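Quick mapping for you: the protein sequence lines, in order, are chains A and B. Per my numbering, residue 121 is the first one in the first sequence, and the count goes up by one each step. Per my numbering, residue 121 is the first one in the second sequence, and the count goes up by one each step. Ideal placement from N, C-alpha and C gives every residue a C-beta, glycine not left out. On a predicted model such as this, the values are computed, not experimentally measured, just so you know. Below you'll find the structure, written out as structure tokens, and then a few comments.
Number of protein chains: 2
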Amino acid sequence: MQTSATAEQEAPSARQQAVLDAVLGLMVADGDQLTMDAVARRASCSKETLYKWFGDRDGLLTATVRWQASRVHAGYDAAQVLDGATLRERLQDFAVTWLEVISGPTSVALNRIAIAHAGSHKSNLGGIVLANGRFAIGERVKPVLEAGRAAGLLAFADSEAAFRTFFGLVGRDIQIRLLLGEALDLDADEIRRDAGRAVDQFLALYGQAKP
Amino acid sequence: MQTSATAEQEAPSARQQAVLDAVLGLMVADGDQLTMDAVARRASCSKETLYKWFGDRDGLLTATVRWQASRVHAGYDAAQVLDGATLRERLQDFAVTWLEVISGPTSVALNRIAIAHAGSHKSNLGGIVLANGRFAIGERVKPVLEAGRAAGLLAFADSEAAFRTFFGLVGRDIQIRLLLGEALDLDADEIRRDAGRAVDQFLALYGQAKP
DNA sequence: AGCGTACCGTACCGTACGGTACGCTCAGTA
DNA sequence: TACTGAGCGTACCGTACGGTACGGTACGCT
């Protein structure tokens, strides 16, 4: 039996990671040049090895998406008691991180691939990207919101709905514009300002003065 | 000289429109079955005619995007003096329309194609989609916002920034989730509720009691 | 009637790409 | 040294698809 890094959920070996990085590199460099030949050439490996490791093209893409996803997750530090400044800071961090992710070339390229794939329903990259992007951050933000509510700093009924508003205030039209090819490069300063504005707006909508 | 519906900006003939509708139908039905053969078959026309009319595959796609765009635009009724109820109503209309558009299968399919295309930079469908989607609605909403400000109902410095916030509050995570393949069908009721919530939030952020 | 034009249907061509086969090298092992 | 297996490079196969060519038909126009 060969070592498929797709069917089973084994972590890819170092060599395999290098291959997946090559795939990411190609995606970023030129989205539609993403052929098995090109991958093999760039990764200096043989196509046969690619097929042995990843099964087929879809398996390679899936493994790549998972590999990238595995790098994005940071620690889930559970929030304890919050004061207003800490809450603001935590939200600001999330907003900055999210804006950095979605405006990064890797994320743009990966989302393009996954979206193109979502049209033809085989092996849903879209689901994986959603699970590790939009939903993963939701699961990380919602506890913070709930801690904020527990501390009397926020008021909302449904944390999912509150998070979605936060998401909208942070992302606005940025992701769709990038995906559709607009240049639009955000520097760190602009991201910080954007994140700050989003947090201010969110707190204006959901915050309440501590009684 | 042949009648190219691409190079020049002539409106497509009725027959050509039928062809473009066939393309849209194929896009919606099965995104990656979008081959020139399939289009010709579905439109009951010959491939040669397709090439004569649209130049090449890209030209056909471009014409299709333009054709769909030409159908979305509604009238630009200039806003005069606004009272609070009218402003809210206008914003609600925009929000409902926008949500209907982005959640429609045609929009999803078209955006998928355009986004996939945006990876490989030839003939930017992405630009056309942006111009006729995100930016077109921006140009329609901003005058309303400015009229609202003129009437003392809204307060903001930058109408573009205010619009982007509105855009984020309305769209939130819906478009990206749909593009990535989540099922997520919104019925008319949910859209109306969503739009209402977004407008409430927007007014909470930017509204001001009339002095 | 004769001719041109527009178009349909279909056959065809070239190429790019997913997937496979095979020979070669080289490290590890006994 | 001989054997094994992993993996590189390359050649190869089949097919799908973009694009072209061509015969046939319907409909003007003169």
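Chain B places no beta carbon closer than 9 Å to that of asparagine 252/A, leaving this residue out of the contacts.
Using beta-carbon distances, glutamine 153/A counts as an interface residue toward chain B, with a partner under 9 Å.
When Ala215/B, Arg297/B, Pro132/B, Ala160/B are compared, the shortest CA-CA separation from isoleucine 248/A is found for Arg297/B. DSSP lists Gly327/B as the beta-bridge partner residues of leucine 274/B.
Around the Cβ of threonine 155/A, a 10 Å sphere holds fewer than 16 other Cβ atoms; the residue is exposed. Each residue's CA atom was taken as its position, placing threonine 182/A and arginine 135/A some 17 Å apart. Taking a Cβ-Cβ threshold of 9 Å, the residues of chain B close to isoleucine 235/A are Asn231, Arg232, Ile235, Ala236, Ile296, Leu299, Leu300, Gly301, in chain order. Residues of chain B with a Cβ closer than 7 Å to the Cβ of phenylalanine 214/A do not exist, since the nearest Cβ in that chain sits about 14 Å away. Out of Arg161/B, Val228/B, Ala234/B, Gly288/B, the CA that lies nearest to the CA of alanine 303/B is found in Val228/B. Annotation: the continuous alpha helix (DSSP H) that includes histidine 237/A extends over 225-239.
In chain order, Gln295 place their CB closer than 6 Å to the CB of isoleucine 222/B, counting only its own chain and leaving out the 5 sequence neighbours on each side.
Boundaries cannot be given for glutamate 130/B, as no alpha helix (DSSP H) includes it and DSSP labels it neither H nor E. The way I'd put it, the region 139-147 of chain A does touch the region 159-167 of chain A; three or more beta-carbon pairs between them come closer than 8 Å.
Annotated three-state conformation of threonine 155/A is coil, per DSSP. Judged by their CB atoms, glycine 151/B and isoleucine 233/B are nearer to each other than the 9 Å cut-off. Around the CB of glycine 272/B, fewer than 16 other CB atoms lie within 10 Å, so the residue is classed as exposed. With a beta-carbon spacing of about 7 Å, leucine 219/B and leucine 306/B fall inside the 8 Å limit used to define contacts. When only Cα atoms are considered, valine 148/A and serine 133/B end up about 40 Å apart. A Cβ-Cβ contact shorter than 9 Å links alanine 282/A with leucine 274/A.
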